[in-house]
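Written below as C-alpha cells is the structure these notes are about.
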Amino acid sequence: MITSLWAGLATGSIYTLIAIGYNITLTTAGVLNFAYANIVMIGAFVAVSGLALGLPIWAIFILAALVGAIVATAEERVAVRFLPKGDHAELITTIGASTVLTGATALIWGNTALRVDLFPQVPLQLFGGSVQPNSIILIIAALVLGVGLHFFNTRTKFGLASLAHAFDRESTMLRGVNVRWLSIVAFAASGALGGLIGPLVGMTTTATPFIAITLAIKGFIALYCGGVGSQAGAIIGGFGIGIIEALANLWLGPNYGDFAVFAVFLAILLIRPQGIVGTRMLRSV
Amino acid sequence: MSTVKVETRRGGSTVAARRIPRFVTALLWVVVIAVIAITPLLGLDDQTQRQVILTAIMVLLVSGVNLTFGWAGELNMGIPAMYAAGAYVGGYLYIHVLNDVVVGVIAGGLAALLIGIITGVPGLRLGGWVLAIVSFFVVILIPSILQVIPANVVGGSVGLIGIPAPMLFGQPLTSQGFFAFVIVVTGIWFAVYRNIVKSRVGDSLLIVQEGRVLAPSLGLSRYRLKLMAYAVGAIPAGMAGALYASLDRFIGPESFTLQLAINVLAASIIAGRRSIYPIIVGAAFVQFINVRSSDFAQYGLVVFGALLIVGGIAFAGGIAGLGRRLLKLVAPKRFRRGAASTATQSTARTDSDYAFPALPGKLLSVVDVRKTFGGAVALDGVSFEAKPGQITALIGPNGSGKTTMLNIINGFYPVTSGTVSLGERTISSMPSTKVARQGVARTFQTPVVPNGLKAIEVVASGHLASKSVPLIATILRLPFYGRVRRSELEEAHEILVQLGLDQFEQQPGDSLSLGTRRMIELARSLASKPSVVLLDEVASGLDTHEVIELARVLRLVSRAGATVVLVEHNFALVRSLADMVVVLADGAVLTSGPPAEIEKHPEVLRRFLGEMAGLSGTSIVATPSTTAKGK
Amino acid sequence: MKRHVTISAAIAIAAVAGLAACSAQPSASPSATTGGTFTVDMIVGQTGPLAAAAADFSLGMQTAADGINKAGGIQGKKVVVKILDDKSDPTQAVTQLQTLINSGTKPDLVYAGISSSETLAMLPILTQNKILSISQATAAAINVPATYPYHFGVSPTNAEGLAVIGATIKSKKYKKVALIVSNDANGADLTTTVTTDATQNGAKVVDTEQYDPNGVDYTVQFQRALAAKPDVIFTDGSGPAIAGRLFSARATAGATSIPLIGGGGISGLALNTIASADAIKNCSIPVFSFLIQGGDTAEAALLKPLAAATKASGQTGTIYGPGIGFDAMRIVALAGKTAKSTSGADMAKVLGKLSTPKGYSVQYPDGFSYSSSTHFPTVSGTTGGKTLISCNTTVIDKTYIQVQ
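Chains as they are written, first to last, in our numbering: chain A, 225 to 509; chain B, 195 to 825; chain C, 3 to 406.
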C-alpha cells in the first residue's frame with residue numbers, strides 16, 4: 225500500500241511536471257503546447273547521448289535544458305507564431321509539432337528505448353514503503369517547481385503581467401508589455417524546463433519516443449483536474465491522478481487504472497468544470 | 195401595398211431560382227454515385243476498388259471531423275474510438291446475430307453515436323482541448339476495454355476473426371456488390387452531411403462558433419447545438435467501422451490509433467474544415483500518401499506532422515480557401531470588400547406609410563436591480579420601466595452601468611438582487627437563451643456577424659430559434675423545412691429592403707462595413723419579431739445618412755408595438771427619438787423623464803451633457819457621425 | 003565498467019575479424035544467379051514502436067538473401083528483399099499487399115507483419131492468391147494450416163519457446179507462479195502457455211497481472227503479484243522500454259528476493275544496459291544458444307555474416323531479431339531447393355513436412371520441423387533450443403550476449 229502510494233506519487237510527479245510546463249505557455253502565451261512531453265523526452269535522449277560522450281552530470285542537465293529551449297523556441301516560431309486567430313488552430317499545429325518531434329526523435333536516436341543511467345538506483349525504504357531515489361527527486365522537483373512558479377505567477381510583476389496577458393491580450397499590449405517577446409520567452413522557458421527534467425523523467429520511463437503521447441494526455445488531465453492556469457492546481461491534479469491510477473490498479477486490477485482516471489476526470493468536468501483550485505476566468509483553454 | 199406584392203414576387207422567384215439547382219444537384223449526385231458504384235463492372239481492378247473503398251471510409255471519417263471541427267468548432271480526436279465502436283458492433287452482429295450490411299451499418303452508426311454522447315456531454319461543457327483530450331482518452335482506453343470484455347465476444351487483444359463475407363437482405367454480396375454498397379452508403383451519408391451543414395442547422399453552428407454571446411442572444415443553446423453536431427459527427431465514423439469490418443473481415447485493435455486520428459485530421463485540413471465536396475479530395479490524398487508511405491519510410495511521422503503544422507497555419511480554408519486566397523491576390527483590390535461602403539447613399543426610403551408587421555411589445559420593468567462583481571458595485575438599485583410602443587433611452591457616462599443593465603435584461607448576467615420582468619413574467623433568473631425565446635432581441639456594441647454567412651442569412655438567423663425544424667426534416671429537405679426556410683428568407687429580405695440594405699443581401703455578412711454590419715445586426719434583431727429590442731450604441735460608427743435611416747427604422751419599430759431600449763451616447767439622436775430617457779450615474783438612476791425634461795435637468799446638464807457630443811446640434815442631421823467611440 | 007565493455011568489444015571485433023580472415027567458406031563458389039528474381043516483400047511498420055523489430059528482421063532477411071544469392075539464389079533466381087511500410091496498421095498492411103499483387107509482380111514470399119494483427123489481416127488474401135508467407139507472430143489463430151496452408155511461423159510459439167520454463171519449474175520445485183504480462187495479444191497467449199507449463203509441472207498460477215505497454219509505472223503489478231506470495235514470478239514485455247520499466251518496478255516493489263523468469267520478449271536484450279544491477283539479480287531469461295558467444299565453430303561460421311551485418315548496421319541490440327529474419331529466409335530457400343520450384347503452393351507443400359538439418363537454423367541448431375497440423379516450429383529436444391541464463395548479461399560487440 226505505501227509502496228503503491230510512492231509509485232502513485234512518482235508517476236504523479238511526472239504528470240505534475242508536464243502540467244507545469246503546459247501552464248507556463250498557457251498562462252503566458254495563451255497556447256497549450258501539446259508537444260511539451262516530446263521536449264521532455266528529447267531531454268532524456270540528450271542525457272543518453274551526453275552519458276555516451278562521458279559528459280559530467282551537471283553538463284548533461286545544462287545541455288538538455290539548452291536543447292529543450294532551442295526546440296521549444298523553434299516550435300514557437302514555426303507552429304505557434306503564425307497561428308490564425310481563434311479556430312483552435314493550435315490544437316492542430318501543436319499536435320503536428322508533437323508528431324514531427326516524435327518522428328525526429330525516432331530518426332535521431334532510434335525506435336527503441338534507451339536507459340538513462342545518471343546515477344545508480346537502489347530502492348530506499350521510506351515510511352514503510354519502497355521507492356526509487358530518482359522518484360524522490362522527481363517528487364521534490366515537481367513540488368519545488370510547482371510551488372515556486374505559483375508564487376512567481378501570483379507575487380511578481382512579470383508573473384502577473386503574463387497572467388494578465390493570457391486573460392486579455394489586447395489590454396496587456398496597451399500597457400506596453402511586449403506580447404511577442406512574452407510568447408517566445410514563455411516557450412523558451414518551458415522548453416528549458418522540459419529539457420532539464422527530461423533526464424530525470426527518462427530515468428523512470430526510459431528514453432523512448434513513443435511514451436510522449438501518454439505523458440501528454442495524462443499531463444493534460446492533471447492540468448485540467450487541478451485547474452487550468454494554476455501551478456498549485458498542477459501539483460494537486462498531477463499527484464492526485466498518479467495516486468488514483470496507482471490505487472485503482474492495486475485494488476481494482478491493472479486494467480482499471482485508466483478507467484478510474486477517466487471517471488475522475490469526467491466527474492470533475494461535470495461537477496467542478498473550473499478544476500479543483502481553478503478560477504473560472506481561464507476556463508476556455 | 196404594391197411594394198409588398200413586388201417583394202413577395204421577388205422573394206418567390208429567389209426561392210424558385212434556388213429550387214431548380216437543388217433538384218439538379220440531387221439528381222447529379224445520384225448519377226455520380228451510381229456511376230462510381232458500377233465502375234467495377236466497367237473493369238476497375240481489385241486494388242483500385244480497395245483504394246476507393248478506403249477513400250470512401252476516409253470520407254466518412256473526415257465528414258464526421260468536419261461536422262464537429264469545422265461547423266461546431268470543436269476538435270474530435272476520438273474518431274478512432276467511434277470507428278472502433280462501429281467496427282466491433284458490426285463485426286459482432288455479422289458473426290453472432292445477423293449478417294446484413296445494412297443492419298450492421300445502422301448499428302455501427304448508433305454505437306458510435308453512443309460514444310459521441312458519452313464523451314460529448316462532459317467534454318463539450320468546456321470544449322477546446324478538454325473535448326480533444328476526453329475524446330482521445332477513449333482511444334487510449336480501447337486496449338483496456340478489449341481486455342475487460344471477454345475475449346470470446348470481440349476477440350480481445352488478438353482481434354476479431356471469422357467475420358463472414360458480407361450479405362445484403364440474405365443474399366451474399368460479391369466484391370463488386372460490396373463496392374457498390376460502400377459507395378451508396380457514403381453517397382447517402384454525404385448528402386446527409388451536405389444537407390445538415392447547408393441549412394439552418396449549419397447557420398446555427400456558424401453562429402455558435404462566433405463566440406459566447408451571439409448564439410444565446412438569438413435563443414440558441416451553444417451546448418445543445420455543439421453536442422448535436424458532435425454526436426451526429428460520430429455516426430459516419432461508426433458506419434465506416436461497420437463497413438471496415440466487412441472489408442477485411444478481420445478487426446485488429448492496431449487499426450484504431452492516434453495515427454488514424456492524425457490521418458483524418460490531415461485530410462480534413464487539406465480539404466478545409468468547413469468544406470463539403472473537397473473532403474473527397476482530402477481523403478483521396480491522404481489515402482494516396484498512405485499507400486505511398488514506403489517512400490517516406492521512417493520519415494513518415496515527420497512528414498505528416500509537418501503537414502499538420504503547415505495545414506493548420508496556411509490552409510485555414512483548405513484547398514477551397516487556398517483557391518479563394520489566390521483569386522484574391524490576382525483579382526483587383528476593389529473586388530474584395532465588395533461595394534460595401536459605397537452604396538449607402540442611394541437608398542434612403544421615403545415610403546413612410548410602410549408599417550412593420552405588428553410586434554408583440556411587452557412592458558419591461560426593472561425593479562431595484564443590484565449587481566456586484568466581486569466587491570465592485572456595478573448597479574445599485576436601478577428601477578425603470580420601458581413601455582411597449584415607446585423608445586426608452588439609457589444614457590450616462592462610461593462605467594455608469596448601461597451595458598451591464600442590458601446584459602442583465604438579456605440574461606447574460608444574473609442579478610445580485612432585484613427583478614427584471616417582461617409583461618407578467620420574471621426574466622431575471624432565466625438563462626439568456628430562454629430570455630431570447632421570450633422575445634428579447636439585442637444588438638452589440640461591436641457588431642457580431644458570423645463568418646461564412648451571407649447578409650440575408652445573417653438577418654434570417656434572428657429567426658432560427660423561434661421556429662424549430664426537426665433535424666430529420668432538415669436532412670430530407672421535407673416540404674416543411676422548405677416552407678420555414680423560404681418564409682424566413684422572405685422576411686429577412688423584406689426587412690433588408692426596409693432598411694435599404696437589400697443590395698448587400700448576397701454578400702458575406704462579415705465583409706461589410708461597420709455601419710452596414712450594425713444595420714444588419716438591427717435587421718437580425720427584428721427578424722425574430724421581438725417584444726423587446728435592446729440596442730447597444732447602435733448609432734456609433736454610422737454616418738449621417740445611416741443615422742437618419744436608423745432613426746426612421748426605429749420609429750417604425752416602436753410604432754409596430756415593440757419595446758425599444760436604447761443605450762446611446764448621441765444625445766441628439768436620443769432627443770429626437772426617445773419617448774423616455776433614463777439617466778444612469780454610478781450604477782444608479784439619476785433621473786428619468788421625457789428628453790425635453792432631461793435636457794434641462796440641472797444635475798444632468800452639469801454632470802454629463804456638457805461632455806457629450808451632439809448637445810449643441812439641434813437636429814440629428816447636423817450631428818457629426820464621428821461620435822464612434824473606441825469600444 | 004565502461005572500459006571493460008570497450009575492451010571486451012575490441013576483443014570481440016578482433017575475434018570476428020580473425021574468423022572472417024581464416025574461415026574457409028564452404029559454399030562460396032559464387033555461381034551467378036541464372037533466371038529471374040525471387041521477390042520477397044516485407045510488409046511491416048517502418049515507424050512506431052515496432053519499427054525497431056522490423057529493422058532487425060529485415061537485416062536478417064537481407065543478410066541471408068545475400069548468402070543465398072552468392073550460392074546461386076533460389077532455383078537460380080536472385081532473391082530481392084523489399085520493405086513496404088504499413089505503419090503497423092492491419093488495414094494498411096492489406097492495402098500494401100493488394101497493391102503489390104495488383105502491380106503484376108506477385109511476390110514469391112511475403113513477410114507478413116510484426117504483430118499478429120497484421121498477419122491475421124493479410125492471411126485471407128495471401129491464401130486466396132496462394133502466396134507463401136512467413137512471420138514471427140505467434141497468435142494461435144494464425145496457426146491453422148487447414149485455413150492458411152501457405153503461412154508458416156518462424157518464431158517458436160510461446161509454448162515451444164518457453165518449454166524451458168516448465169523444465170525449470172519442475173527442477174526447482176516451484177509450486178506457486180505469478181504472471182505479469184501485457185494487456186495485449188501476446189500477454190493473453192503467454193498467460194495460457196505459462197499456466198499450462200506450470201500445471202504440467204506440478205505448480206499453480208496464483209496470480210496474473212496485466213500492464214498497459216504504454217504505462218509509466220508497473221510497481222503496482224509487482225506488488226499485487228507479491229501479495230499472492232509466489233515462489234517465482236514470470237514476466238515478459240516486448241522491447242527495451244517495457245523491460246526497463248518492468249525491472250525498475252521489480253526493484254521498487256522489493257520483489258528482487260523472489261526469483262524472476264523473463265520471456266522471449268526480453269530475452270534478446272542486454273538487460274544490464276536497461277536495468278540496474280540490483281533490479282536484475284535473482285533473475286533468469288531463456289535465450290537461444292546462438293546468442294551466447296562461444297558456440298561450436300560450425301555455428302560460428304554460420305553466424306559470422308549475420309554478426310558482421312548486425313554490427314555494421316548500427317542497430318542497437320543483439321543478433322536475436324536479425325537471427326529470426328535470417329532463419330525465415332533460409333528456411334524458404336531450403337524449401338525452394340527441396341521442391342525444385344519457387345511456386346508458393348509447391349514450397350508450402352514441402353515446408354509442411356520439412357525438418358531442418360542440424361546446424362541449418364540459427365535458432366534451432368538441432369533442427370525443427372513443421373507438420374500438417376502445425377505450421378509453427380516444432381523443436382527437437384525439450385527446451386526449445388533455449389537455455390535459461392542469468393539476466394545479468396552484457397552485449398558484446400553489439401551482437402552477442404555474454405553471461406557473467
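The beta-carbon is built from N, C-alpha and C at its ideal position, and this holds for glycine as well.
Note that the structure is predicted; figures quoted are calculated from it, not measured.
Take C/Pro242, set aside five residues on each side of it, and the residues of its chain with a beta-carbon closer than 7 Å to its own are Leu271 and Ile276, in chain order.
Counting only the Cα atoms, A/Leu256 lies some 33 Å from B/Met433. Within chain B, the residues placing a beta-carbon under 7 Å from that of C/Asp87 are Ser487, Ser488, Ala491 and Gly494, ordered along the chain. Counting of Cβ neighbours within 10 angstroms places B/Ile334 among the buried residues, the total reaching 16 or more. For B/Phe372, same chain residues with a beta-carbon under 7 Å away, outside a window of 5 residues either side, are Pro360 and Ser440 in chain order. Chain A has no Cβ within less than 7 Å of the Cβ of C/Asn71. Short of 7 Å from the beta carbon of A/Ile460, and not among the five residues preceding or following it, lie these beta carbons of its own chain, in chain order: Gly450, Ile500 and Val501.
Residues of the region 205-222 of chain C whose Cβ lies closer than 9 Å to any Cβ of chain B, in chain order: Gln212, Asp214, Pro215 and Asn216. Against chain C, the beta carbon of B/Val727 has no neighbour under 7 Å; the closest one sits roughly 56 Å away. Shown here, A/Tyr260 sits in a helix according to DSSP, grouped into three states.
By the CB criterion at 7 Å, B/Leu658 and B/Arg388 fall outside the cutoff. Not one beta carbon of chain C lies nearer than 7 Å to the beta carbon of A/Thr317. Chain order gives the chain A residues near B/Ser338 as Asn479, Asp482 and Phe483, where near means a beta carbon separation below 7 Å.
Scanning its chain for C-beta atoms nearer than 6 Å, with the 5 sequence neighbours on each side dropped, one finds around A/Arg339 the residues Thr430, in chain order. If one requires a minimum length of 4 residues, the alpha helix (DSSP H) runs lying completely within the region 236-279 of chain B are 240-259, in chain order. Here DSSP, grouped into helix, strand and coil, assigns B/Phe450 to coil. Nearest to A/Ile286 by alpha-carbon distance, out of A/Asp341, A/Gly419 and A/Ser322, is A/Gly419. Given a length threshold of 4 residues, each whole run of the alpha helix (DSSP H) inside the region 233-301 of chain A is given here in chain order: 260-277 and 281-299. The C-alpha of B/Ile227 is placed about 57 Å away from the C-alpha of B/Val614.
Between B/Ala385 and the set B/Gln243, B/Ala220, B/Gln632 and B/Leu720, the nearest pair of CA atoms involves B/Ala220. The beta-bridge partner set that DSSP reports for B/Val614 consists of B/Val560. Cβ-Cβ distances below 7 Å link B/Ala279 to Ala305, Ala306, Ile309, Gly432 and Gly435 in the same chain, with the five nearest sequence neighbours on each side left out; the list follows chain order. If the five residues before and after C/Phe40 are omitted, its C-beta is found closer than 8 Å to the C-beta atoms of Gly75, Ile76, Gln77, Lys79, Lys80, Val81, Val82, Asp110, Leu111, Gly338 and Thr344, all from its own chain and listed in chain order.
Within the region 652-700 of chain B, the complete alpha helix (DSSP H) segments of 4 residues or longer fall at 665-670 and 673-692, listed in chain order.
Look at B/Ile589 here: in three-state DSSP terms it is strand.
A direct Cα-to-Cα measurement between A/Trp282 and A/Pro423 gives close to 11 Å. In this structure, B/Met774 is the residue among B/Thr785, B/Trp223 and B/Met774 with its C-alpha nearest to the C-alpha of B/Lys581. Boundaries of the alpha helix (DSSP H) around A/Cys449: Ala436 to Gly450. Note that the C-beta distance between C/Gly323 and C/Phe154 is not below 7 Å. For the region 336-350 of chain C, there are no residues whose beta carbon sits under 7 Å from a beta carbon of chain A. For B/Arg769, the enclosing alpha helix (DSSP H) covers residues Phe765 to Leu771. The Cβ-Cβ distance between B/Val352 and C/Ala303 does not fall below 7 Å. C/Leu271 sits in coil when the DSSP states are folded into three classes, being neither helix nor strand. Rounded to the nearest whole angstrom, the C-alpha separation of C/Gln138 and B/Ile355 is 19 Å.
With a threshold of 7 Å between beta carbons, A/Asn473 makes contact with chain C. The residues Tyr607, in chain order, have a CB closer than 7 Å to that of B/Asn601 in the same chain once the five nearest residues on each side in sequence are set aside.
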